[in-house]
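Chemist: To start, I am sharing the structure in question, which I have written as structure tokens.
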Amino acid sequence: MTQIVKRVFTERTDIDRLDQWITELAVNAQVRITIHEGEVVEGLVMVTPTVQVFRDHDDVEGLNGVVKLENMELPNHDRVVWLGDIRELTHLDSVRKGVSRA
215 MTQIVKRVFT ERTDIDRLDQ WITELAVNAQ VRITIHEGEV VEGLVMVTPT
265 VQVFRDHDDV EGLNGVVKLE NMELPNHDRV VWLGDIRELT HLDSVRKGVS
315 RA
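Quick note on my numbering: the sequence shown kicks off at 215 and runs consecutively.
So this is what it looks like as structure tokens:
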């Protein structure tokens, strides 16, 4: 069963932007994300996000994905952010995908 979501993406440039966010969101990276509505969310990336197929309320099939952020200051207050809602991403540490030395 396909999940119904607020926004899906079908254009190549939009999908490329989703893929770019994924390359920036390495597991254990501490990040600050500003979403399009202006809200700022900070946390530790819990799982590397992936792009998945969803449908919007108009039954249009497209892509989007989520990143789950662990709130280090408020346990049990984790946040899920849609990749398509990200306007800006800032790294608060040195963890980057493909360059971490664990």
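C-beta atoms are modelled at their ideal positions from N, C-alpha and C, and glycine is treated no differently.
Which residues does DSSP pair with Glu284 in a beta bridge?
Modeler: Within the sequence shown, the letter at position 70 stands for residue 284. Answer is Leu258, bridged to Glu284.
Chemist: Thinking just about the alpha-carbon of each residue, which of Gly252, Thr224 and Gln244 is nearest to the one in Leu283?
Modeler: Here residue 283 is taken as the residue at index 69 of the sequence shown, counted from 1. Ranking Gly252, Thr224 and Gln244 by Cα distance to Leu283 puts Gln244 first.
Chemist: Report the option in Met286, Gly279 and Asp272 whose CA atom is closest to the CA atom of Trp235.
Modeler: Reading the sequence shown from its first residue, position 21 is the one you call residue 235. Nearest of Met286, Gly279 and Asp272 to Trp235, Cα basis: Gly279.
Chemist: Go ahead and label Gly257 buried or exposed: buried means 16 or more other beta carbons lie within 10 angstroms of its beta carbon, across all protein chains shown.
Modeler: Here residue 257 refers to the residue found at position 43 when the sequence shown is read from its first residue. Counting Cβ neighbours within 10 Å, Gly257 comes out buried, since at least 16 surround it.
Chemist: Count the other CB atoms, across all protein chains shown, that sit within 10 Å of the CB of Ile218; report buried if there are 16 or more and exposed otherwise.
Modeler: Start at 1 with the first residue of the sequence shown, and residue 218 comes out as number 4. Looking at its Cβ environment, which holds fewer than 16 other Cβ atoms inside 10 Å, Ile218 is exposed.
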